[in-house]
Amino acid sequence: MSKVMSLHDAIAKYVESGDSLCFGGFTTNRKPYAAVYEIIRQGQTDFIGYSGPAGGDWDMLIGCGRIKAFINCYIANSGYTNVCRRFRDAVEKKHNLLLEDYSQDVIMLMLHASSLGLPYLPVKLMEGSDLEYKWGISAEIRKTIPKLPDKKLERIPNPFKEGEEVIAVPVPRLDTAIISVQKASINGTCSIEGDEFHDVDIAIAARKVIVIAEEIVTEEEIRRDPSKNSIPQFCVDAVVHVPYGTHPSQLYNYYDYDADFYKMYDKVTKTDEDFEKFIQEWVIDVKDHEGYLNKLGLLRMAKLKVVPGFQYAAKLVKEGE
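Pasting the structure below:
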């Protein structure tokens, strides 16, 4: 049965206020921006955000006040903003974001443990660091938010070695995952080219999964080379055809990240006023993703297309130049 939906309908049906939400990708790579824009347009809010290396996708939702609690390791538009500005503003100035900080390794392992259905995860990581002893979200606050675990972590004895302890960390229970892929079949089988990051884990772990795809193909076509398929169709609830859906981030084998857009975003996120203008211009005043592409313009998008063999939008220089 075809799972193809419009972006509007997929977000309206599968993204609910208060969800434990997770996105695929990595900082400026394969981030589902088109879905983030649509969430902002539709108004869903109060999310519990779980994220590996995050980027402007989460920064926008934080800046718009849509994230209630953020469980993260770091958030940056790599190469352009070392720490995303709306996130930093929410933590340092507004104090309106509940934040819990784990190491990157632990976050990624927690998401993997979620795909395995484990009740908790024992790790040796973070031992002896402030990440173990300093909690961003207190036990008292955690008890007021049902979808948050009661504790950040707990030291427990190693049952297989007397006298040794390990750190037990909670395992996320994800409501919704949104993942960008290069190709998806109409039934939801997905092919991810390049690094998969934590995307397969969150697709398996989440109750609801939306996939935005650069290309949609038939089931027969995507099964011609099963070794390239990363996410099985039974994990996926909605497939959305969204060309350039990860812009301004890159999509391996298809297009590079938009350096000019990231430079612009870095500037406009320095103040509340400029950020609000940006959201109004690029999200609210743009009806849908088609309108967003029209605003970007064909020439701008064409310049982002990768050069075969380079996998970047490399500028080819003629001999003698």
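Here my numbering is used: position 314 in the sequence shown is 760, and no number is missing along the way. Glycine included, each C-beta is placed from N, C-alpha and C at the ideal position.
Does the stretch 741-748 come close enough to the stretch 486-496 that 3 or more CB-CB pairs lie under 8 Å?
-> no
- prompt: What separation, rounded to the nearest whole angstrom, lies between the Cα atoms of Leu564 and Lys723?
  reply: 44 Å
| How far does the alpha helix (DSSP H) with Phe707 in it reach, from first residue to last? | 705-714
**Asked** Which value, in whole angstroms, describes the spacing of the CA atoms of Leu543 and Ala456?
**Response** 27 Å
| message | For Tyr703, which residues in the same chain have their Cβ closer than 7 Å to its Cβ, ignoring the five residues on either side in sequence? | response | Thr474, Pro694, Ser695, Gln696
Q) Cβ of Ser448 within 7 Å of Cβ of Ile632? A) yes
In the DSSP assignment, what residue or residues form a beta bridge with Ala515?
Ile494, Leu544
- His687 lies in the beta strand (DSSP E); which residues open and close that run? 684-687
Can you tell me where the beta strand (DSSP E) holding Leu620 begins and where it ends?
Taken as a continuous stretch (DSSP letters only), Leu620 belongs to no beta strand (DSSP E), as it is neither H nor E.
| task | Give the straight-line distance between the Cα atoms of Gly582 and Val552, rounded to the nearest whole angstrom. | result | 16 Å
**Q.** Nonlocal neighbours in the same chain, by C-beta distance under 8 Å from Asp712, ignoring five residues either side
**A.** Asn523, Tyr526, Thr527, Arg531
- request: Count the other C-beta atoms from every protein chain shown that fall within 10 angstroms of the C-beta of Asn518, then say buried if there are 16 or more, exposed otherwise.
  value: buried
Discussion item. Run through the DSSP bridge pairs and tell me what Thr527 is partnered with.
Written reply: Asn523
Worksheet item: If we count the other Cβ atoms within 10 Å of its Cβ and call it buried at 16 or more, is Glu610 buried or exposed?
Response: exposed
Item checked: Exposure of Asp720, with buried meaning 16 or more beta-carbon neighbours within 10 Å -> exposed
message: Just verifying my parser: in three-state terms, what is the DSSP assignment at Tyr698?
response: coil
Less than 7 Å between the beta carbons of Pro478 and Ser626, yes or no?
yes
Cα-Cα, which of Gly471, Met556, Ala630, Ile658 is closest to Lys674? Ala630
Ordered along the chain, which non-local residues of its own chain (more than five positions away) have a Cβ less than 6 Å from that of Phe533? Asp505, Ile508, Ile521
Q) Looking only at its own chain, which residues have a Cβ that is under 7 Å from the Cβ of Asp683, when we skip the five neighbours before and after it? A) Lys449, Tyr460, Lys654, Val655, Ile656
- Query: How is Leu426 classed by DSSP in three states: helix, strand or coil?
  - Reply: Because the chain here runs from 447 to 767, residue 426 falls outside it and cannot be looked at.
query: Apart from the five residues just before and just after Ala536, which ones in its own chain have a Cβ nearer than 6 Å to its Cβ?
result: Ile508, Asn542, Leu543
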